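Enquirer: Please find one structure pasted underneath; my questions will follow.
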């Protein structure tokens, strides 16, 4: 690979990795620029180069899912809540399925992060340190819990009361 090619690919990898809420859009933009854009370099991407670009989509989703499962972010403008986390998880699952990426390690990370988030949230709400920030219904959260193989016994007591329809 030439230095120019490596540099172009490195730039696009960064753009995809640090893209917005739907990193597939940045991925398609990067592929278009590198291969078809009249102002682009007109590369024919190798499979390993495409795979690197697609891996950045997975990494970006991992980052934004963790952002919304971090209790320290609840009062920050970047926080989107559990509802967005669920939507991003579904997008990530779909992308990984279509592109043959293994989700096992991310699945474990997200399960642990969600459990920790709910424990912190329940404690903070119970001790009146804050109001619940859970912005999805208990049914939506329950489906997400099932997807992550989290059983009710590992959840804090009264977790359903944290959900949006339970808190008003």
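In this note's numbering, the protein residues as written are 8 to 175.
Built from N, CA and C at the ideal position, the CB exists for glycine as well.
Here the structure is a predicted model, which means the values were calculated and not measured.
Assign residue 3 to one of three DSSP states: helix, strand, or coil.
Expert: Absent from the model: residue 3. The displayed extent of the chain is 8 to 175, so no value can be given.
Enquirer: For residue 115, which option in 138, 69, 149, 87 has the closest C-alpha, if you only look at C-alpha atoms?
Expert: Minimum Cα distance to residue 115 is reached at 69.
Enquirer: Smallest Cα separation from residue 161: which of 125, 39, 19?
Expert: 125
Enquirer: Determine contact between the region 76-91 and the region 50-64, defined as no fewer than three beta-carbon pairs at a distance below 8 Å.
Expert: No contact exists between the region 76-91 and the region 50-64.
Enquirer: Under a three-way DSSP split, which group does residue 69 fall into?
Expert: helix
Enquirer: Output the boundary residues of the alpha helix (DSSP H) element that contains residue 37.
Expert: 30-42
Enquirer: What does a CB cutoff of less than 7 Å around residue 22 pick up in its chain, not counting 5 residues either side in sequence?
Expert: 33, 37
Enquirer: Please look up how many angstroms separate the CB atoms of residue 121 and residue 169, rounded, as I've assumed it's under 8 Å.
Expert: Between residue 169 and residue 121 the Cβ distance is about 12 Å, and since that is not below 8 Å, they are no contact.
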